[in-house]
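**Q**
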Amino acid sequence: MEVCVIAKCTYKSETIMFSVSSESSMVDILKTLCLRFRGLQLGCFTLRYSVPSYPSCFLETDSDLDLMRTFFLISNEKTVDILVKDLCGISEYSGDFCVNKELIACEKGESSCSSTVEDRNEFLGRSKRASAKPLLSNEWETYIHHVGQKFDGGAEEFWLKLCKYALEVGFNFLYAGNDKKRVVAVCSNKKLEGCSWRVYASRCEATGSFVIQTLNNAHTCAGRIRESKSKMMRSRVVSSLIVDRIRAKPELKPVEIIHEFKDYYGIDISYYHAWFGKELAKLDVHGDESKSFNELVWYADAVKKTNTGSLCTLDCEAGINRFRRFFVSFGGCITGFQYCIPLLFIDATFLKSKYKGQLLCASGKNGNQGFYPLAFGVVDFETEENWTWFLQHLASILLPMGRVVTFFSDRNQGLLNAMGFVFPGWPHSYCYYHLKQNLISKYPKSGYGKLLQDRVINLFSRCAYAVTEEEFKVAMDELVIVGSSKVKAFISDLSRDHYANAFFKGMRYGEMANSLAESFNNWVGFRDLPVLPLIEGI
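Here it is in structure tokens:
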């Protein structure tokens, strides 16, 4: 006797069953569905069936039918759940997407959807987005469909899919019971209009999955409309949809998330839901921020064991073991720096994570004129003490190399004091760009005019780039005359040994600014990550 598979076909709130044998064809199944389901017309619907881990498999051709039947016979399953989805009145689907045109032709030539179906859908209150662009949310209406449906992800997966299903179908629901072992949800119109929609799912103790035990999937309330704004689009739902995006692009901004949801899902979400959804996604991907600091203990040991020659130090407050600062320079970077130009660009940039802090960096230049990260560290504040601690670790790397390195930095007072203490006599150049911006700020256009501002900057540039002392003196004298008291005050606190070519004691290799360190800071675009993913990202 031939073994058949029992097909349970669900359309809206109705279900029929029939057998599928090796003699059955797609034409036979389509005929049966059109005869049994009132108002269903050939070419105006599509079929999907579910198998474990794949809830929406295509069923459109005889080949699809043979594969489905073979799969269920091999897996010793006797029944298959098939979902019938309307295509009529949904303009994002083209005619090419309708169920196999050859099958339609076999039945009655060229079929078209009648207006009665559209009228029926309108009467039921169903609304679809009138756009030629399909949305990623289209399949959500298939997420809840029959008793016995399993959710291997447990309560969390069921909650998320239930919210997405309600959003796409166009209704709100309330929880009559909600915990990790059971979920009972009813239509939000139950009290006002006595709507009978209800779903009850519970945890299967044997497998840990959630299973729908009872389901009344028919609404008796007024029309359901799929709106662009919905109470069902909660932060947890947003998080589940962007978790892969956050993993690939941690610096994704809430405003970008809002635009993507509008474009890809046709949904308007608030800035709060976008921001908090991102925070939840970061928690899923990168873990808790406070625990990330604890993992630095393991990370420092792992770096020393696996990357020979690395310098990695974690400093904590005595007695309470609270994080203070962290320094890392990988063995490969240390070895390679010996073959780079002896220049180091020092800078700090703020972190945007929950606990803030500062990222200190020391970057060189490689043979292709790109930045070469030698060392970096995380500290709580940009203070003289922290800069001294960072530079002392840097000195333990540079001194054994036996060569003098030229440093570039801005004029942060803590950094200047630390440089003089740790590297006395080593060439240290102030960033020309920062000096120029400081001077510009003393001559705003509104009060002095652009002509004077440009004249002052041009003369200061001549001072900085002057090759001889005589050339420097001529340019400086003119600058003092043009700039008067403001220039005198500015240069009185500025040692010419640190910015003027004519007096600089060391080699600058054509560099005048600390722009390379700024490039490093911009490159680290994931400064809102917890400390360990931040360090791993660099």
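Residue numbers (UniProt numbering): 1 to 538. Ideal Cβ placement from N, Cα and C applies to all residues, glycine included.
(1) Could you pull the start and end residues of the alpha helix (DSSP H) that P533 belongs to?
(2) From the DSSP output, in three-state form, read off G506 for me.
(3) Report buried or exposed for P400, applying the criterion of at least 16 other Cβ atoms within 10 angstroms of its Cβ.
(4) Who are the near neighbours of I538 in its chain, counting only those whose CB is closer than 8 Å to its CB and skipping five residues on each side?
(5) Taking DSSP's pairing of strands, which residues face G177 in a bridge?
(6) DSSP three-state call for E205: helix, strand or coil?
(7) Evaluate contact between the region 378-389 and the region 409-421, counting only Cβ atoms and requiring at least three cross-stretch pairs below 8 Å.
(8) Relative to the C-alpha of C9, which candidate in R36, E157, L296 and E141 has its C-alpha closest?
(9) Provide the residue(s) that pair with R325 in DSSP beta bridges, ordered along the chain.
(10) Can you list, in chain order, the residues of its chain whose CB lies under 7 Å from that of L314, leaving out five sequence neighbours each side?
(11) Residues bridged to N216 by DSSP?
(12) Taking Cβ positions, are F472 and A466 nearer each other than 7 Å?
(13) Measuring alpha carbon to alpha carbon, tell me which of S196, Y355, N514 and M17 ends up nearest K365.
(14) Can you give me the Cβ contacts of G208 inside the same chain, cut-off strictly under 7 Å, excluding the 5 residues immediately before and after it?
(15) Could you pull the start and end residues of the beta strand (DSSP E) that R38 belongs to?
(16) Report the partner residues of M26 according to the DSSP bridge assignment.
(17) Three or more C-beta pairs closer than 8 Å, one from the region 77-86 and one from the region 42-55: is that the case here?
(18) Return the first residue and the last residue of the beta strand (DSSP E) that Q358 is part of.
(19) Which residue comes first and which comes last in the alpha helix (DSSP H) that contains R245?
(20) Confirm, please, whether the CB-CB distance from D263 to S228 is below 7 Å.
(21) When you compare only the Cα positions, how much space is there between F337 and G402?
(22) Give the straight-line distance between the Cα atoms of Y175 and V184, rounded to the nearest whole angstrom.
(23) Compare the C-alpha of H219 against each of K278, K505 and N189 and name the closest.
(24) Residue range of the beta strand (DSSP E) that M17 falls in?
(25) So, with DSSP's three-state summary, where would you put S75?
(26) Is L374 helix, strand or coil by DSSP?
(27) Is K352 helix, strand or coil when you go by DSSP?
(28) Leaving out five residues on either side along the sequence, give the residues of the same chain with a beta carbon under 7 Å from the beta carbon of N368.
(29) Can you give the Cα-Cα distance for R198 and K304, rounded to whole angstroms?
(30) According to the Cβ coordinates, are Y509 and I341 closer than 7 Å?
(31) Keeping to the same chain, check which residues put their C-beta closer than 8 Å to that of Y443; ignore five residues upstream and five downstream.
(32) Select from S329, V27 and D66 the residue whose C-alpha is nearest the C-alpha of S310.
(33) Enumerate, from N- to C-terminal direction, the unbroken alpha helix (DSSP H) stretches of 4 or more residues contained entirely within the region 416-457.
(34) Would N217 be called buried (16 or more neighbouring beta carbons within 10 Å of its own) or exposed?
(35) How would you write the range of the beta strand (DSSP E) that L167 sits in, first residue to last?
(36) Considering only their Cβ atoms, is the gap separating Y271 from P254 smaller than 7 Å?
**A** Checking against the coordinates, here is how it stands:
(1) Unbroken alpha helix (DSSP H) run through P533: V531 to G537.
(2) Assigned with DSSP and collapsed to three states, G506 falls in coil, not helix or strand.
(3) It counts as exposed.
(4) Same-chain partners within the cutoff: P373, F376 and V524.
(5) Under DSSP, G177 takes part in a beta bridge, and its partners are V184.
(6) In this structure, E205 counts as coil in the three-state DSSP scheme.
(7) Counting Cβ pairs under 8 Å, three or more are found: they touch.
(8) With distances taken between Cα atoms, C9 lies closest to R36.
(9) When beta bridges are read from the DSSP output, R325 appears opposite D315 and V379.
(10) The residues are L296, V297, A300 and F326.
(11) Beta-bridge pairing links N216 to R198.
(12) Result yes, Cβ atoms of F472 and A466 sit closer than 7 Å.
(13) Considering only S196, Y355, N514 and M17, the residue with the shortest C-alpha distance to K365 is N514.
(14) Taken in chain order, the residues that qualify are G154.
(15) It is not in any beta strand (DSSP E) - R38 carries neither H nor E in the DSSP assignment.
(16) Checking the DSSP bridge columns, you'll see M26 has no partner listed.
(17) The region 77-86 is in contact with the region 42-55.
(18) Unbroken beta strand (DSSP E) run through Q358: Q358 to K365.
(19) Its alpha helix (DSSP H) spans residues S235 to A248.
(20) Contact flag unset, no.
(21) Rounded to whole angstroms, the separation of the alpha carbons of G402 and F337 is 12 Å.
(22) CA-CA distance, Y175 to V184, rounds to 6 Å.
(23) The residue with the shortest Cα to Cα distance from H219 is N189.
(24) From DSSP, the beta strand (DSSP E) with M17 extends over E14 to V20.
(25) DSSP places S75 in the coil class of the three-state scheme, outside both helix and strand.
(26) In the three-state scheme derived from DSSP, where H, G and I count as helix and E and B as strand, L374 is classed as strand.
(27) In the structure shown, K352 sits in coil (DSSP, three-state: anything other than H, G, I, E or B).
(28) Around N368: no qualifying Cβ.
(29) Near 58 Å, if we compare the C-alpha coordinates of K304 and R198.
(30) Result yes, Cβ atoms of Y509 and I341 sit closer than 7 Å.
(31) Within the same chain, Y443 has close Cβ partners L452, Q453, V456, G483 and K486.
(32) Closest in alpha carbon position to S310, among S329, V27 and D66, is S329.
(33) The region 416-457 contains these whole alpha helix (DSSP H) runs: 432-441.
(34) Around the beta carbon of N217, 16 or more other beta carbons sit within 10 angstroms, so the residue counts as buried.
(35) No beta strand (DSSP E) holds L167; the alpha helix (DSSP H) holding it covers G154 to V169.
(36) With respect to the 7 Å criterion, P254 and Y271 are classified as neighbours on the basis of their beta carbons.
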